[in-house]
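K.L.:
Chains A and B supply the protein sequences, listed in that same order.
Residue 514 is where the first sequence starts when you use my numbering, and the numbers rise one by one after that.
Residue 514 is where the second sequence starts when you use my numbering, and the numbers rise one by one after that.
We put the beta carbon where it would ideally sit given N, CA and C, even for glycine.
Bear in mind the structure is a predicted one, so any value in this text is a computation, not a measurement.
Next up is a structure, given as structure tokens.
There are 2 protein chains.
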Amino acid sequence: MKKETRKEQIIQISAKLFKDKGYAAVSMRDIAKELDIKAASLYNHIESKQDILKIIIISLAEEFTKRMTVIYSSNENNISKLHQIVALHVDIAYRNQYEMASLNNNWMHLENGITYYLELRNSYEDNFRAIINNGVQSGELINSNPEVTLFSMLSTLRHLYLWIPKMEEINPKELSDNLSKVLINGILNK
Amino acid sequence: MKKETRKEQIIQISAKLFKDKGYAAVSMRDIAKELDIKAASLYNHIESKQDILKIIIISLAEEFTKRMTVIYSSNENNISKLHQIVALHVDIAYRNQYEMASLNNNWMHLENGITYYLELRNSYEDNFRAIINNGVQSGELINSNPEVTLFSMLSTLRHLYLWIPKMEEINPKELSDNLSKVLINGILNK
DNA sequence: AAAGTAGACTAACGATCGTTAGTTTACTTG
DNA sequence: CAAGTAAACTAACGATCGTTAGTCTACTTT
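Here it is, written out as structure tokens:
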């Protein structure tokens with residue numbers, strides 16, 4: 514029952530095309546052409562174009578939310594939790610460069626799974642926000658607007674997939690360490 | 514000869530729709546419906562759908578590039594230049610929330626202006642990178658990977674338009690100050 | 001009042017879209 | 001070897017796409 518290779522190929526090729534042109538601008542014929550088959554043949558493996566998008570986005574969103582819950586619930590201090598969040602994003606971004614683009618830019622085209630997706634995203638963001646607020650309360654973090662801190666970190670982490678291909682000389686561990694320093698300690702030499 | 518109001522309306526409504534659904538998913542009939550006219554009537558004011566996208570993106574990219582050149586060429590120190598870059602992005606993001614989305618997510622759909630757009634973007638990024646590198650060399654900035662610093666700041670600044678509507682209680686000056694602190698000084702309480 | 005014009009309209013074009021139905025091919029299983 | 005099946009194919013559907021051509025209306029300018 515491990516015959517899902519063709520379906521997985523379709524998902525992967527679709528994610529790549531969605532990254533380059535966006536969901537709406539990619540046709541079933543585009544996807545089929547990449548696999549050297551006709552568009553109608555895709556339907557032997559997937560239910561619809563929507564089906565493809567849903568699989569890409571929901572599986573990734575679930576991984577983010579699950580792993581964020583683990584970090585949030587751990588006994589570490591809040592600074593350490595922020596380091597783990599950075600490492601989480603670097604890990605996922607390295608392994609899912611194309612899928613990340615759909616998560617960021619194509620979720621609004623979800624027709625059936627959009628409510629569930631937004632629940633996952635809200636859960637993720639709420640945990641992130643709580644860690645920052647706890648860090649401020651405990652005195653670990655400076656008392657600046659927590660929403661700005663959240664926004665700044667999230668914007669950087671969510672778009673890692675755009676820069677990883679440009680930074681070929683750096684490995685995931687190095688990137689994670691560098692990013693933690695820049696995001697948390699700042700860039701000032703003092 | 515100031516009769517461009519209708520054209521400007523079309524551009525503005527289009528930018529708004531492009532932000533919500535992306536260029537490819539917005540039809541000329543969608544744009545027309547927002548203005549309570551028929552799609553064919555749009556062509557009394559604009560040349561094509563491409564024309565709309567080009568106007569939105571190129572005018573914004575030119576403003577970024579021009580103002581970045583001014584900052585780069587000034588006599589201030591590099592930290593001060595970074596503060597000015599933050600203020601530049603906050604200023605533009607507040608006044609062009611919809612257009613920023615096209616700049617970030619729809620530039621790949623430009624058919625005629627894409628080379629020019631990429632030149633503008635590269636010029637902008639090169640100046641930004643040079644300021645960071647100069648700051649490292651002069652000892653103003655920590656000697657971490659400059660590409661990571663650039664990426665982190667740019668990711669945050671480019672997606673301000675997504676968060677500004679969510680932070681209604683903050684004004685541009687406050688946002689700019691907060692963001693400068695977070696991006697440059699870090700978030701650690703030490 | 002006449003002429004010109006800005007800006008809307010209807011109707012239609014060829015292209016492309018996602019998807020379905022029915023068929024064929026090639027391999028695997030009994 | 002026969003039967004079954006996975007996965008490709010051709011052909012076509014109705015819908016929608018960007019755009020053009022030609023027309024009408026209402027206002028402005030002379």
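With 9 Å as the threshold, decide whether the Cβ of A:I627 is near any Cβ in chain B.
P.N.:
Along the first sequence, read from residue 1 onward, the residue named residue 627 of chain A stands at position 114. So no, A:I627 is outside the interface.
K.L.:
Kindly list, in the order they appear in chain A, the residues whose Cβ is closer than 9 Å to that of B:N640.
P.N.:
If you number the second sequence from 1, residue 640 of chain B lands on position 127. Residues of chain A passing the Cβ test: none, with the nearest at roughly 17 Å.
K.L.:
When DSSP labels each residue in this structure, what does A:N595 get in the three-state scheme?
P.N.:
Position 82 of the first sequence, counted from the first residue, corresponds to residue 595 of chain A. Going by the sequence as given, residue 595 of chain A is Leu instead of Asn. DSSP places A:L595 in helix when its eight states are reduced to three.
K.L.:
Beta-carbon within less than 6 Å of B:I571's beta-carbon, same chain only, minus the 5 sequence neighbours each way: which residues are those?
P.N.:
Locating residue 571 of chain B in the second sequence gives position 58, counting from the first residue. Excluding residues within five positions, the ones whose Cβ falls inside 6 Å are G626.
K.L.:
So, for A:L673: in the same chain, excluding its five sequence neighbours on each side, which residues have a beta-carbon less than 7 Å away from its beta-carbon?
P.N.:
In the first sequence, the residue the question calls residue 673 of chain A occupies position 160. Result list for A:L673: H602, V603 and A606, in chain order.
K.L.:
Confirm, please, whether the CB-CB distance from A:T662 to A:L692 is below 9 Å.
P.N.:
Working through the first sequence from its first residue, we reach residue 692 of chain A at position 179. Working through the first sequence from its first residue, we reach residue 662 of chain A at position 149. No. Outside cutoff.
K.L.:
Using 9 Å as the limit for Cβ to Cβ distance, is A:N588 near chain B?
P.N.:
Your numbering for residue 588 of chain A matches position 75 in the first sequence. In terms of beta-carbon proximity, A:N588 stays away from the interface with chain B, with every pair separated by 9 Å or more.
K.L.:
Name the one or two DSSP bridge partners that A:L654 has.
P.N.:
What you label residue 654 of chain A is simply residue 141 of the first sequence in a count that begins at 1. Answer by DSSP bridge pairing, in chain order: B:L701.
K.L.:
Smallest Cα separation from A:H622: which of B:I598, B:I644, B:K532 and B:F577?
P.N.:
If you number the first sequence from 1, residue 622 of chain A lands on position 109. Considering only alpha carbons, the answer is B:K532.
K.L.:
Can you pull the chain B neighbours of A:M680, defined as C-beta to C-beta under 9 Å?
P.N.:
For the purposes of this step, residue 680 of chain A is identified with residue 167 of the first sequence, where counting begins at 1. N658, E660, V661 and F664, listed in chain order.
K.L.:
Keeping to the same chain, check which residues put their C-beta closer than 6 Å to that of A:N591; ignore five residues upstream and five downstream.
P.N.:
Position 78 of the first sequence, counted from the first residue, corresponds to residue 591 of chain A. Here the set comprises I644, N647, G648 and E653.
K.L.:
Grab the span of the alpha helix (DSSP H) containing A:N618 for me, first residue to last.
P.N.:
Position 105 of the first sequence, counting from 1, holds the residue named residue 618 of chain A. Where A:N618 is concerned, the enclosing alpha helix (DSSP H) stretches over Q610 to N618.
K.L.:
So the alpha helix (DSSP H) A:S572 belongs to, where does it begin and stop?
P.N.:
Position 59 of the first sequence, counted from the first residue, corresponds to residue 572 of chain A. Segment K562 to S586, the alpha helix (DSSP H) holding A:S572.
K.L.:
Taking the alpha carbon of A:M666 as the reference point, which residue from A:A537, A:A600, A:E687 and A:E624 has its own alpha carbon closest?
P.N.:
Numbered from its first residue, the first sequence carries residue 666 of chain A at position 153. It is A:A600 whose Cα lies nearest to the Cα of A:M666.
K.L.:
How is the alpha helix (DSSP H) around B:D533 delimited, first residue to last?
P.N.:
Numbered from its first residue, the second sequence carries residue 533 of chain B at position 20. For B:D533, the enclosing alpha helix (DSSP H) begins and ends at T518 to K534.
K.L.:
Which ranges does the alpha helix (DSSP H) cover as unbroken runs of at least 4 residues, wholly within the stretch 621 to 683 of chain A, from first to last along the chain?
P.N.:
The stretch 621 to 683 of chain A contains, as complete alpha helix (DSSP H) runs of 4+ residues, the segments 627 to 650, 659 to 671 and 673 to 676 (chain order).
K.L.:
Of all the residues that make up the stretch 531 to 547 of chain B, which are near chain A by a beta-carbon distance shorter than 8 Å?
P.N.:
D533, K534, G535, Y536, A537 and A538
K.L.:
What are the boundary residues of the alpha helix (DSSP H) that A:S693 is part of?
P.N.:
Your numbering for residue 693 of chain A matches position 180 in the first sequence. First-last of the alpha helix (DSSP H) with A:S693: P685 to S693.
K.L.:
Would B:W676 count as contacting chain A if we go by Cβ distances under 9 Å?
P.N.:
Here residue 676 of chain B refers to the residue found at position 163 when the second sequence is read from its first residue. Yes, contact with chain A.
K.L.:
Give a yes or no on whether the C-beta atoms belonging to A:A552 and A:R542 are separated by under 9 Å.
P.N.:
What you label residue 552 of chain A is simply residue 39 of the first sequence in a count that begins at 1. What you label residue 542 of chain A is simply residue 29 of the first sequence in a count that begins at 1. For A:A552 and A:R542, yes; Cβs fall inside 9 Å.
K.L.:
Would you kindly check if the distance between the Cβ of B:L573 and the Cβ of B:Y536 is under 9 Å?
P.N.:
Against the second sequence, residue 536 of chain B aligns to sequence position 23. Against the second sequence, residue 573 of chain B aligns to sequence position 60. Contact flag unset, no.
K.L.:
Run through DSSP, which three-state label would A:H558 get?
P.N.:
Locating residue 558 of chain A in the first sequence gives position 45, counting from the first residue. DSSP places A:H558 in coil when its eight states are reduced to three.
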